[in-house]
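**Student:** Before I ask anything, let me first share the structure, which is written out below as structure tokens.
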Amino acid sequence: MRNIKYIILHHSGTDVYGDGSALADAIMLNQRRKWIKDFPNYVCDYHYMVGPTGKVFKGQPEEVPGWHATNYVVNLESIGICFLGNFEKERMQVLQFDAGVKLLKDIVKRYDIKNENVLRHKDVISDETGRRNSTLCPGRFFPYEEMLSSVFSEIKGNEIDYPYKNVIQKLNELGIVLGDGNSFRPKDPMTREEGFLIAYRILKLLKAF
Numbered sequence: 001m002r003n004i005k006y007i008i009l010h011h012s013g014t015d016v017y018g019d020g021s022a023l024a025d026a027i028m029l030n031q032r033r034k035w036i037k038d039f040p041n042y043v044c045d046y047h048y049m050v051g052p053t054g055k056v057f058k059g060q061p062e063e064v065p066g067w068h069a070t071n072y073v074v075n076l077e078s079i080g081i082c083f084l085g086n087f088e089k090e091r092m093q094v095l096q097f098d099a100g101v102k103l104l105k106d107i108v109k110r111y112d113i114k115n116e117n118v119l120r121h122k123d124v125i126s127d128e129t130g131r132r133n134s135t136l137c138p139g140r141f142f143p144y145e146e147m148l149s150s151v152f153s154e155i156k157g158n159e160i161d162y163p164y165k166n167v168i169q170k171l172n173e174l175g176i177v178l179g180d181g182n183s184f185r186p187k188d189p190m191t192r193e194e195g196f197l198i199a200y201r202i203l204k205l206l207k208a209f
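One point on numbering: in UniProt numbering, the residue at position 31 of the sequence shown is 31, and numbering is uninterrupted.
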């Protein structure tokens, strides 16, 4: 039984098509080939992969370390999750984000992992360079802060822990903001379409048409 202390977040750094099945299969095949001589039962560097439509792919069994973090000790004590896509150049889709939050929430609960121990790959001190930021992974557009906020606020009973909590709740009661599932993620960016919808709801509430 491993002593799991960390979750390490990655991206594949590649283009991805469909639900990500083909890419997930290719990643597992390549990584098995790399390690099969030393570890005949090796499956994948990552324990889970999350595709753009929210499909979750199982890789290495949780009870077995994966070589994903370029730090031997961290590898022994962590679960690696790879989000399929290149978040150095693109933003994560809502379905993928929500699936990641759901997966993280489950792992965090089962292993009692603290907020500060959910790390990006680049936050880990590399055995090769002896420093952090030895990689760009999981990319500059990876929604790290937003994801952690959603995971840990939901674990605390899905309460909105935010300075304008009462404002958000009132807007929700009026039907102006509806949230995404059970989470409002108030620091997430808003699309123009969402802005138009909010404006429409306000005008409708005011009986402007």
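Backbone N, C-alpha and C define an ideal beta-carbon position, used for all residues, glycine too.
Note that the structure is a prediction, hence the values are computed from the model and not measured.
1. Distance check for VAL56 and HIS10, CA to CA, integer angstroms please.
2. Label MET147 either buried or exposed according to how many other C-beta atoms from any shown protein chain fall within 10 Å of its C-beta, with 16 as the threshold for buried.
3. Report the option in ASN133, PHE87 and THR53 whose CA atom is closest to the CA atom of GLN96.
4. So, residue 220 versus HIS68, is the Cβ gap smaller than 7 angstroms?
5. At 4 residues or longer, and completely inside the region 47-123: list those alpha helix (DSSP H) runs for me, N to C.
6. Do PRO143 and MET92 count as a contact pair if the criterion is CB distance below 7 angstroms?
7. What are the boundary residues of the beta strand (DSSP E) that includes ILE8?
8. Quick check on PRO40: buried or exposed, where buried means 16 or more other Cβ atoms within 10 Å of its Cβ?
9. Could you give the residue range of the alpha helix (DSSP H) that holds ASP25?
**Tutor:** Taking the coordinates as given:
1. 14 angstroms
2. buried
3. THR53
4. The structure shown does not extend to residue 220, since the chain spans only 1 to 209, so no value can be given for it.
5. 72-76 and 94-111
6. yes
7. 6-11
8. exposed
9. 21-35
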